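Asker: Each protein sequence line maps, in turn, to chains A and B.
Start counting the first sequence at 3; every next residue gets the next number (the numbering used here).
Start counting the second sequence at 4; every next residue gets the next number (the numbering used here).
Backbone N, C-alpha and C define an ideal beta-carbon position, used for all residues, glycine too.
As the structure is a prediction and not an experimental result, all values here were calculated from the model.
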Amino acid sequence: MRVLISADMEGTTGVTGWHDVQPGQPEYQRFRRFLTADVNAAVDGAFQGGATEVVVNEAHDGMRNILIEDLDERVEMISGLHKPLVMMEGVDACDVVFFTGYHARAGEPGVLAHTLCDEFASVELNGAVASEARLGAALAGEIGVPVGLVTGDDVICSEAEKLSPA
Amino acid sequence: VKTAVVKYAKDNFSARCLGLKAAGDRIRDAARSAIAEHDMLQPYRIGPPYTINVTLREAAQAGAVAGLPGVTRDSPVSVGFSGENFRELYAMLEAVGIIAGTVR
């Protein structure tokens, strides 16, 4: 069982402001540790559940956020830009994908809600307003890969539960 | 899909947050269950075909991306594009965001 973790940052434990997730801001360095801790918990759980391989794909901003020196040594990490599938790079070489540190879509009352970039007021997929999680799930779904886990605030987790039954 | 809530939003810039250990325990437990019960998981399939519509913040941004192949301008601030291959549309969505971000 090969697991890909798409690791965003706004849904990380403790994050509530843009300065927490923006490179160059003082708080960012502290929350990189929290981001790495959340990812490590997902990695550990995946291996406990029977995963044989876990790859972590950085999925926030410039995609160079996780502290690799603190990352679980059983995993490999896809870091940096540009990469063809961006937040979903690696999804074509896994059996299950996890979304960690995800957030609500633009216009929702979730923490740091947005959809992909500041320029997008909203994104619709086949007529329904979509979050980054839904867009990623659709890409994974086309390839035949299910979403196994979503972590973040209660708003994105509530939406994720509607993507498929637990 | 399993979920692990690590904070409860009060609004866009405030939340009631779990501590790191409690959040980690939730994430670890949910991740373990997701893999242990992976036979229950189903891919999220909604197409093909696929249509993506994007509402931008500014009309000028919509104007800039409306010139891309296959992208139609649906209103002063919105564009759309369709296709059978979602991987291509996902890449186009990324390109639309990058180009729109250059319009100032």
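Using the Cβ count rule (16 or more neighbours within 10 Å means buried), how would you classify Glu71 (chain A)?
Answerer: That one is exposed.
Asker: Using a Cβ-Cβ cut-off of 8 Å, state whether Ala26 (chain B) counts as contacting chain A.
Answerer: Output row for Ala26 (chain B): interface = yes.
Asker: Of all the residues that make up the segment 42–59 of chain A, which are near chain B by a beta-carbon distance shorter than 9 Å?
Answerer: Going along the segment 42–59 of chain A in chain order, one finds Asn42, Ala43, Ala44, Val45, Asp46, Gly47, Ala48, Phe49, Gln50, Gly51, Gly52 and Ala53 with a Cβ nearer than 9 Å to chain B.
Asker: What do you get for Ala168 (chain A), buried or exposed, if any count of 16 or more other CB atoms within 10 angstroms of its CB means buried?
Answerer: Note that Ala168 (chain A) scores 45 on pLDDT, short of 50, meaning its location in the model is unreliable and no value can be drawn from it.
Asker: Under 7 Å between beta-carbons, which chain A residues line up against Ser17 (chain B)? List them in chain order, please.
Answerer: Simply Thr18.
Asker: Where do the N-terminal and C-terminal ends of the alpha helix (DSSP H) with Ser78 (chain B) fall, by residue?
Answerer: Looking at the DSSP string, Ser78 (chain B) is not in any alpha helix (DSSP H); the run it does join, the beta strand (DSSP E), is Thr75 to Ser78.
Asker: With distances taken Cα to Cα, identify the nearest neighbour of Gly146 (chain A) among B:Ser17, B:Leu44, B:Ser36 and B:Ala34.
Answerer: Comparing Cα positions, the closest option is B:Leu44.
Asker: If contacts are defined as beta-carbon pairs under 8 Å, then Gly83 (chain B) and Asn56 (chain B) qualify, I think. What distance do you get, rounded to the angstrom?
Answerer: Rounded, the Cβ-Cβ distance is 4 Å, consistent with contact.
Asker: Report yes if the CB atom of Gly150 (chain A) is closer than 8 Å to the CB atom of Gly13 (chain A), and no otherwise.
Answerer: No, these two residues do not count as a Cβ contact at 8 Å.
Asker: If we cut at 8 Å on Cβ distances, does Phe84 (chain B) have a partner in chain A?
Answerer: With 8 Å as the cut-off, Phe84 (chain B) does not count as an interface residue toward chain A.
Asker: Going by CA-CA distance only, name the one from A:Asp22, A:Arg35, A:Glu144 and A:Ala39 that's closest to Arg31 (chain B).
Answerer: Answer by Cα proximity: A:Ala39.
Asker: Using a Cβ-Cβ cut-off of 6 Å (strictly less than) and excluding sequence neighbours within five positions of Leu114 (chain A), which residues of its own chain qualify?
Answerer: Correct list, in chain order: Glu12 and His105.
Asker: Determine, using beta carbons only, whether Thr153 (chain A) comes closer than 8 Å to chain B.
Answerer: At least one chain B Cβ lies under 8 Å of Thr153 (chain A).
Asker: From Ile17 (chain A) to Val23 (chain A), what does the alpha carbon distance come to, in whole angstroms?
Answerer: According to the sequence provided, residue 17 (chain A) is Val. The question's Ile does not apply to it. Roughly 8 Å separates the two Cα atoms.
Asker: Where does His21 (chain A) fall in DSSP's three states?
Answerer: In this structure, His21 (chain A) counts as helix in the three-state DSSP scheme.
Asker: I want to see whether chain A comes within less than 8 Å of Gln64 (chain B), judged by CB atoms only; does it?
Answerer: Taking Cβ atoms only, chain A reaches closer than 8 Å to Gln64 (chain B), which makes this a yes.
Asker: Does Cys96 (chain A) have its Cβ less than 8 Å from a Cβ in chain B?
Answerer: With 8 Å as the cut-off, Cys96 (chain A) does not count as an interface residue toward chain B.
Asker: At 7 Å on the CB atoms, spell out the chain B contacts of Asp72 (chain A), in chain order.
Answerer: In chain order: nothing, as chain B lies at least about 13 Å away.
Asker: Can you give me the C-alpha to C-alpha distance between Val88 (chain A) and Arg19 (chain B), rounded to a whole angstrom?
Answerer: When rounded, the distance between both Cα atoms is 30 Å.
Asker: To the nearest angstrom, how far is it from the Cα of Arg76 (chain A) to the Cα of Arg35 (chain A)?
Answerer: Their backbone Cα atoms lie some 18 Å apart in a straight line.
Asker: Among A:Glu144, A:Cys159 and A:Pro148, which residue has its Cα nearest to the Cα of Ser133 (chain A)?
Answerer: Nearest option by C-alpha distance: A:Cys159.
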